[in-house]
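Residue numbers (this note's numbering): 52 to 445. Here the structure is laid out as structure tokens; the discussion comes afterwards.
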């Protein structure tokens, strides 16, 4: 059946938690409020493949149909497929000329069985109730019917919604409505009813002691729920404090790390010393920013690798460097070398490099960590000093 999806709201989400065997009442103060609950209730049933029965009051069938269509429900198609049945109080309640309590329960049992035999997953019903105020023979047992309906639905694959207009019904009758429904919808809120009177205890005007016991039990249960809620709120508060503290500590740690990285980078820049790492299995290589500068490469464009490292070594020094590194790797030892590198502009630098092996818990070599220092200035200074000594000697 084509039904436009409704935007989810807390009311719809709560109504979706209900299903067969539930007996609920909505207490409303306007038609808009009534239809907000009733249309959502019907839409959920149609979406679930349930047969929906709407028992309308006097002259309201047209309003119901228009409200359903306004919410994107294809009423004609739903009626044609027998998924939606609209009927009146005369057909549903007063076929025998008066309100017959026992016949009414038989009606719901037979209607549910019929819906199941037609392939529907359940029966879903809405009973408009304003007509009750006009008075019909037998209606003095209406609240007894509402109370016993809870027990009847518990044994039937049916869910029923009974709407009551608070502006029309007297307070004492609304009070009875609350006492006879285990679930009450008030505004946009769906509530499990603490004040529901079980069918076997209704009416209980002649037994005030039982009424007191029930009220006290309800008070204790509400207190238990409120206590559990307070504990949960306190737990959430403590959790929040821990999270805030953890976040603060993490932010401080991140700030410290950024400072340490900044100091390290600045220290490397001032000392012309870069750091590096090489995974001996994957040949994956890491270079610090200063290492890139020493080798004359752009860290944004060049991707370091062991091959790149070897290619930058002066051809005359490359065999010694490669042999030293390979031997140290085989023996899992530290290596230390002075060699020359050739930059992309073909200029030459002198570097001093050290590599330290890192092994895992099984003694297997995992990677090398090391440093590379640009010693070109020192090398040139030493060469100039040696030349000066030679000139003095001659």
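Glycine is no exception: its CB is placed at the ideal position from the N, C-alpha and C atoms. Owing to the predicted nature of the structure, the values given are computational and were not obtained by experimental measurement.
query                                                                                                                                                              : result
Which residue's Cα is closest to the Cα of residue 243: 384, 101, 269?                                                                                             : 269
To the nearest angstrom, how far is it from the Cα of residue 245 to the Cα of residue 299?                                                                        : 44 angstroms
DSSP state of residue 67, grouped into three classes?                                                                                                              : coil
Under the rule that 16 or more other beta-carbon atoms within 10 Å means buried, what is residue 221, buried or exposed?                                           : exposed
From the DSSP secondary-structure annotation, give me the bridge partner or partners of residue 138.                                                               : 106
Measuring CB to CB, does residue 410 end up less than 7 angstroms from residue 425?                                                                                : no
Which residue marks the beginning of the beta strand (DSSP E) containing residue 423, and which one marks its end?                                                 : 416-425
I'd like the span of the alpha helix (DSSP H) that includes residue 369, first residue to last.                                                                    : 369-382
Between the C-alpha atoms of residue 346 and residue 430, what's the straight-line distance to the nearest angstrom?                                               : 17 angstroms
So, at 7 angstroms on beta carbons, what are the nonlocal neighbours of residue 393 in its own chain, with the 5 sequence-adjacent residues on each side left out? : 363, 365, 399
Work out the CA separation of residue 66 and residue 92 for me, nearest whole Å.                                                                                   : 7 angstroms
Just confirm the distance between the C-beta atoms of residue 419 and residue 408, as a whole number of angstroms; I'd bet it's less than 8 angstroms.             : 6 angstroms
Can you say whether residue 81 is buried or exposed, counting buried as having 16 or more other CB atoms within 10 angstroms of its CB?                            : exposed
Please tell me whether residue 405 and residue 387 are closer than 7 angstroms, where the distance is taken between their beta carbons.                            : yes
So, under 8 angstroms CB-CB, residue 172 and residue 99 are touching, yes? Tell me the CB distance rounded to an integer number of Å.                              : 6 angstroms
Return helix, strand or coil for residue 180, following the three-state DSSP convention.                                                                           : coil
Reducing DSSP to helix, strand and coil, say where residue 248 ends up.                                                                                            : coil
Give the DSSP-derived three-state secondary structure of residue 335 in the structure shown.                                                                       : strand
If you run the structure through DSSP and keep just helix, strand and coil, what is residue 354?                                                                   : coil
May I ask which residues mark the beginning and end of the beta strand (DSSP E) holding residue 408?                                                               : 399-410
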